[in-house]
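Student: Numbers in my numbering are just positions in the sequence shown, counted from 1, shifted up by 14.
Just so it is clear, CB atoms sit at the ideal spot from N, CA and C, and this is done for glycine as well.
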Amino acid sequence: MSGGKEGKLAIYEPRSSPKIIVSLGRQDAVAQFSFTTIIGLVPG
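(1) What's the C-alpha gap between S37 and T51?
(2) If the criterion is Cβ atoms closer than 8 Å, does the pair Q41 and V56 meet it?
(3) If you draw a straight line from the alpha carbon of A43 to that of E27, how long is it in whole angstroms?
(4) For the stretch 21-47, which segments carrying the beta strand (DSSP E) assignment without a break, of at least 3 residues, lie completely within its bounds, in sequence order?
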């Protein structure tokens, strides 16, 4: 068995920063951005 060509390792760079919003109940939520985390009430 012979192996194929081995190249350099590629570096993964995401195109956009991930945005995550998690609901903690009826009105509470946590939002995490690439630069900060926000905790508070969601109107509605």
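Tutor: In terms of the structure at hand:
(1) Within the sequence shown, residue 37 is the residue found at index 23, counting from 1. Within the sequence shown, residue 51 is the residue found at index 37, counting from 1. Rounded to whole angstroms, S37 to T51 spans 14 Å at the Cα level.
(2) The residue labelled residue 41 in the question sits at position 27 within the sequence shown. The residue labelled residue 56 in the question sits at position 42 within the sequence shown. Closer than 8 Å, so yes.
(3) Taking the first residue of the sequence shown as 1, we reach residue 43 at position 29. Taking the first residue of the sequence shown as 1, we reach residue 27 at position 13. Cα-Cα distance, rounded: 28 Å.
(4) 34-37, 42-46
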